[in-house]
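Visitor: The structure that follows is given in the form of structure tokens.
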Amino acid sequence: MKTIDCLGDMCPIPILKTRKELKSLSSGDTVKVVTDHSCVLESVMSNFKKYDISYKEVINGVWEIFIVKP
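Now the structure itself:
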């Protein structure tokens, strides 16, 4: 699983990083996006609707977003 560190990054940087990484993945592969901005979580959910997305808040204000390429 590839991890994208987006701590401190504001939109649209995390979306651009994620889009670039997803292009290199095969079907069924997972990418983990780590962010400390709730707006990134919302943007990922709206920009990657065709992907299987789950997330968890690992510590207060830090999310791990898991995106599985279909």
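Using the working numbering, read the sequence shown as starting at 49 and increasing by one per residue. Glycine residues also receive a C-beta, built at the ideal position from the N, C-alpha and C atoms. Since this is a predicted model, take the numbers as computed values, not measurements.
Considering only DSSP beta bridges, list what Glu69 is partnered with.
Guide: According to DSSP, Glu69 bridges with nothing at all.
Visitor: My output table needs one value for Ser74: the three-state DSSP class, helix, strand or coil.
Guide: Ser74: coil per DSSP, three-state reduction.
Visitor: Can you grab the Cα-Cα spacing for the pair Glu90 / Ile63, in whole Å?
Guide: If you take the alpha carbons of Glu90 and Ile63, they lie about 11 angstroms apart.
Visitor: Under 8 angstroms: do the stretch 50 to 62 and the stretch 70 to 87 share three or more Cβ pairs, one atom per stretch?
Guide: Flag = yes, the stretch 50 to 62 and the stretch 70 to 87 touch.
Visitor: By how many angstroms is the C-alpha of Asn95 removed from the C-alpha of Cys59?
Guide: If you take the alpha carbons of Cys59 and Asn95, they lie about 12 angstroms apart.
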